[in-house]
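Going down the list, the sequences are from chains A and B. If you're matching positions, the first sequence starts at 400 in this note's numbering and goes up one per residue. If you're matching positions, the second sequence starts at 188 in this note's numbering and goes up one per residue. Report on the following structure.
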Amino acid sequence: MSLPTLDFSLILPELVVLITALLVLIADLLWPRAASRGREQAPAVLALAGLILAGLLTLLAGEWSGATLQGMLVADALARYLNLVVLLAAALGLLLSWSYLPHFSTQRSEYYALYLLAVAGMLFLGKSIELITLFVSLEILSIALYVLTGFHRGQLAGGEAALKYFLLGAFSSGFLLYGAALFYAATGATRLADIAAQNAGGFYMLAGLALFLVGLGFKLAVAPFHMWAPDAYQGAPTPVTAFMSVGTKAAALVALFRVVQAAGSVPVGVWATALAFLSLLTMTLGNLAALRQSSLKRMLAYSSIAHAGYLLVGVVAGTAAGFDAVLFYLFAYAFMNIGAFAIASLLERPGFYAVQDAGIHAADGLFGRRPWLAVAMAMFMLSLAGIPPLAGFFGKLYLFAAAVESGWAWLAVAGVLNSVISAYYYLRVVVGMFMAEPSASAHLRLPLPASATLAVALTALGTLLFGLLATPWFQGISR
Amino acid sequence: MVPTHYYLILAAIIFSMGALGVLVRRNALIIFMCVEMMLNAVNLTLVALANQWGNLSGQVFVFIVMAVAAAEVAIGLAIVMAIVRHKDTINVEEINLLKW
């Protein structure tokens with residue numbers, strides 16, 4: 400018997416991230432105790448270097464093609480764009496963590512190691528074309544995120560958020576796993592390609608796909624499986640919220656896309672209709688709930704649920720153009736959403752025991768004190784609301800256009816109406832910044848930390864450039 | 188020999204009991220045990236099917252699920268401990284700081 404040859408070159412970025420995670424842990428042990436300044440900065444520098452290296456390897460890899468590691472993972476164009484989105488979100492979130500982490504924890508290396516493990520889980524999830532790998536990748540990212548959510552052990556809100564996220568996350572894993580088992584029942588295969596080739600129909604396939612939708616719906620925070628999301632997003636450290644709201648969505652959407660493609664024997668009408676109603680429910684619920692929030696972070700959490708609904712529209716469309724639109728929107732979303740969370744984190748009031756959330760009026764009068772910050776926040780809010788010429792507008796345009804093309808006009812109309820609802824709560828923040836006097840609850844962390852400022856500048860630039868250069872970018876993705 | 192679908196029906200019943208338990212119980216540890224029950228019901232399904240299909244994928248899957256479940260236990264109990272230190276309860280209805 401000969402050992403199978405394994406080609407690791409196609410998963411180099413993932414390996415780099417994993418090895419960096421281990422290096423961060425080891426470096427903390429080996430670093431001399433006396434050199435405390437370097438000791439504080441080293442994990443963040445190392446983690447950022449690892450992410451950038453992984454990003455460069457993804458960019459320079461040339462044409463990725465083909466399955467690797469015994470048909471467990473695939474390196475294709477989809478995985479490549481997912482890599483870029485996740486690594487971008489991770490790098491931006493890491494810049495935020497840099498100045499944020501010292502407010503509540505001294506365990507820097509553990510934080511960054513878990514953070515990188517979550518990134519690795521997301522990257523592997525995007526490449527999984529086999530049920531076991533898919534499950535394991537999903538659990539790697541989930542388990543790391545449970546811990547990160549509760550990383551602020553000094554306050555109860557962190558633990559509570561972690562518990563809710565954990566219990567519902569484990570619950571949803573059970574559904575996903577049962578779905579995988581039913582696929583195996585129908586076909587006797589665990590590779591998605593084999594499952595698709597069997598073309599098996601019947602009850603097992605349908606029930607398996609339904610359970611898969613429930614399991615991935617939980618991870619995506621799709622209504623009615625979204626209950627954990629507002630709590631987890633509010634209780635988690637803000638940089639973690641920013642990162643996971645983008646990264647988890649991106650990876651789970653790619654997995655969802657691959658699974659519905661493999662379950663080709665289930666009539667398209669069945670799962671697409673189910674997804675369309677989930678999408679409608681998600682955006683409506685998310686937007687209506689966001690209207691009445693008093694915490695800026697929780698409002699953004701509900702807005703991120705609504706955005707999961709918009710993103711599903713592209714999967715419902717089921718065409719290549721639909722999923723290209725999803726990928727474009729994920730890039731745009733990474734910039735505008737992380738930017739908004741970055742500003743929210745700067746408006747928080749750090750205390751000894753707890754970081755107090757920024758209230759909805761915390762940004763009031765920001766233009767008078769920090770005009771550039773206010774302009775950036777206005778851009779993020781307008782982009783999230785979908786106002787041209789910013790990235791969010793073009794993202795929605797491509798998504799809804801793809802939906803109309805494949806005959807889902809009513810869903811596109813519902814999406815547009817929802818954008819109008821959402822404009823109310825986004826614009827309320829903008830009006831407050833430019834018109835209102837600073838209220839008693841208004842607070843701005845001073846001096847502004849350099850890394851967070853850099854993150855805000857990068858996200859603002861990205862939001863603007865992705866809007867102005869939307870057409871060439873989108874063509875680049877579709878190619 | 189016991190037909191495969193007996194195992195599948197049994198597993199489906201256990202899975203449903205676990206899922207129902209998660210929804211109705213209020214003690215975080217019991218909820219957690221119910222989740223474990225769901226995972227083990229899936230394991231039973233997979234083993235039965237591996238026997239029926241005559242390939243090992245299902246058995247390998249079971250080992251991986253067990254390893255993941257062990258990792259989840261470690262994290263879950265740590266989170267419960269972190270909460271008990273703040274607030275002397277694991278009743279999920281009393282852990283209600285975050286809500287609208």
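Cβ atoms here follow ideal geometry from the backbone N, Cα and C, with glycine treated the same way.
- Residue-level contact to chain A via CB, F248 of chain B, 7 Å cutoff: Answer yes: the Cβ-Cβ gap between F248 of chain B and chain A drops below 7 Å somewhere.
- Boundaries of the alpha helix (DSSP H) in which A478 of chain A is found, first to last residue: First-last of the alpha helix (DSSP H) with A478 of chain A: A476 to Y499.
- Query: Would you call the CB atoms of A569 of chain A and V222 of chain B closer than 7 Å?
  - Reply: Going by C-beta atoms, A569 of chain A is nearer than 7 Å to V222 of chain B.
- Task: Check the C-beta distance from P412 of chain A over to F503 of chain A and give it rounded, since I have them as a contact under 8 Å.
- Result: F503 of chain A and P412 of chain A do not touch by the CB rule: their CB atoms are close to 30 Å apart, not below 8 Å.
- Please state if the CB of A269 of chain B and the CB of T232 of chain B are separated by a distance shorter than 7 Å. A269 of chain B sits away from T232 of chain B, with the two beta carbons spaced by 7 Å or more.
- Task: Would you check if the distance between the CB atom of M626 of chain A and the CB atom of N817 of chain A is smaller than 7 Å?
- Result: No, the pair does not count as a contact, with Cβ atoms beyond the cut-off.
- Message: I'd like to know whether the C-beta atoms of L417 of chain A and A517 of chain A end up nearer to each other than 7 Å.
- Response: No. Outside cutoff.
- Message: Spatial neighbours of F534 of chain A within its chain, please: C-beta separation below 8 Å, excluding the five flanking residues on both sides.
- Response: By the criterion of a C-beta distance shorter than 8 Å, F534 of chain A is surrounded in its chain by S572, L575, L576 and A579, once the five residues flanking it on both sides are discounted.
- Task: Take R657 of chain A and list the residues in its own chain whose beta-carbon comes closer than 7 Å to its own, dropping the five residues that flank it on each side.
- Result: Hits under 7 Å: I528 and L591.
- Task: Closer than 7 Å by beta-carbon distance: list the chain B residues that pair up with F879 of chain A, in chain order.
- Result: Since the first residue of chain A shown is 400 and the last is 878, residue 879 of chain A is not available in this structure.
- 7 Å Cβ cut-off: residues of chain A touching M225 of chain B: Per Cβ cutoff of 7 Å: G573.
- Between A:G721, A:G558, A:A775 and A:L414, which lies nearest to T276 of chain B when the distance is taken from Cα to Cα? Of A:G721, A:G558, A:A775 and A:L414, the smallest CA-CA separation from T276 of chain B is found for A:G558.
- Query: Between A:A808, A:L746 and A:L695, which lies nearest to I759 of chain A when the distance is taken from Cα to Cα?
  - Reply: Nearest C-alpha to I759 of chain A: A:L695.
- Query: In whole angstroms, what separates the C-alpha of Q469 of chain A from that of M220 of chain B?
  - Reply: In this structure, the CA atom of Q469 of chain A is about 35 Å from the CA atom of M220 of chain B.
- Flag F751 of chain A as yes if its beta-carbon sits less than 7 Å from any beta-carbon of chain B, otherwise no. Any reading at F751 of chain A must be qualified, since the residue scores a pLDDT of 49, below 50, and its modelled position is unreliable; the value itself is stated next. Chain B contact via Cβ: absent.
- Message: Under DSSP, the alpha helix (DSSP H) around G806 of chain A begins and ends at which residues?
- Response: No alpha helix (DSSP H) contains G806 of chain A, which DSSP labels as neither H nor E.
- Cβ neighbours of V667 of chain A in the same chain (closer than 8 Å, five flanking residues each side left out): For V667 of chain A, where only same-chain residues beyond five positions count, the Cβ hits under 8 Å are G717.
- Query: Does the pairing of the segment 720-732 of chain A with the segment 658-678 of chain A give three or more beta-carbon distances under 8 Å?
  - Reply: Counting Cβ pairs under 8 Å, fewer than three are found: no touch.
- Item | Limits of the alpha helix (DSSP H) - the one that T162 of chain B falls within | Nothing about residue 162 of chain B can be reported from this structure: the residues present for chain B run from 188 to 287 only.
- So is H273 of chain B in contact with chain A if we call contact Cβ pairs under 7 Å? Answer yes: the Cβ-Cβ gap between H273 of chain B and chain A drops below 7 Å somewhere.
- Item | Contact list for F602 of chain A against chain B, beta-carbon separation under 8 Å | Within chain B, no residue comes near F602 of chain A; the closest Cβ sits about 11 Å away, beyond 8 Å.
- Message: Which complete beta strand (DSSP E) runs does the segment 235-261 of chain B hold, if anything under 3 residues is left out?
- Response: None, since the segment 235-261 of chain B contains no complete beta strand (DSSP E) of that length.
- Endpoints, alpha helix (DSSP H) assigned at P871 of chain A: Taken as a continuous stretch (DSSP letters only), the alpha helix (DSSP H) holding P871 of chain A covers A869 to S877.
- Message: Checking 7 Å against the spacing of the C-beta atoms, do L847 of chain A and L494 of chain A come in under that value?
- Response: In this structure, L847 of chain A lies away from L494 of chain A, with their beta-carbon atoms at least 7 Å apart.
- Quick one: grab the DSSP three-state call for L371 of chain A. The first residue shown for chain A is 400 and the last is 878, placing residue 371 of chain A beyond what the model contains.
- Which residues, in order along the segment 526-552 of chain A, keep a beta-carbon less than 8 Å from a beta-carbon of chain B? Of all residues in the segment 526-552 of chain A, L530, I531, F534, V535, E538, I542, Y545, V546, G549 and R552 have a Cβ within less than 8 Å of some Cβ in chain B.
- Query: DSSP on F751 of chain A, reduced to helix/strand/coil?
  - Reply: Because F751 of chain A carries a pLDDT of 49, less than 50, the predicted location of this residue cannot be relied on, and the following value inherits that uncertainty. Under the three-state reduction of DSSP output, F751 of chain A falls in the coil class, being neither helix nor strand.
- What is the DSSP secondary structure of V473 of chain A, counted as helix, strand or coil? DSSP places V473 of chain A in strand when its eight states are reduced to three.
- Measuring CB to CB, does T419 of chain A end up less than 7 Å from L515 of chain A? In this structure, the beta-carbon distance from T419 of chain A to L515 of chain A falls below 7 Å.
- Query: For G758 of chain A, which three-state DSSP category applies?
  - Reply: It is a strand residue.
- Message: Ignoring anything shorter than 4 residues, give me the alpha helix (DSSP H) runs that lie fully in the segment 503-567 of chain A, in order along the chain.
- Response: The segment 503-567 of chain A contains these whole alpha helix (DSSP H) runs: 507-526 and 530-548.
- Task: Step through the CB atoms of chain A and report whether any lies within less than 7 Å of the CB of A269 of chain B.
- Result: Yes, because at least one Cβ of chain A sits closer than 7 Å to the Cβ of A269 of chain B.
- Would you call P623 of chain A buried or exposed, if buried means 16 or more other Cβ atoms sit within 10 Å of its Cβ? Counting Cβ neighbours within 10 Å, P623 of chain A comes out exposed, since fewer than 16 surround it.
- Task: With DSSP collapsed to three states, give me the class of N227 of chain B.
- Result: N227 of chain B: helix per DSSP, three-state reduction.
- Message: Could you give the first and the last residue of the continuous alpha helix (DSSP H) run that contains R768 of chain A?
- Response: Per DSSP, R768 of chain A belongs to the alpha helix (DSSP H) from L765 to R768.
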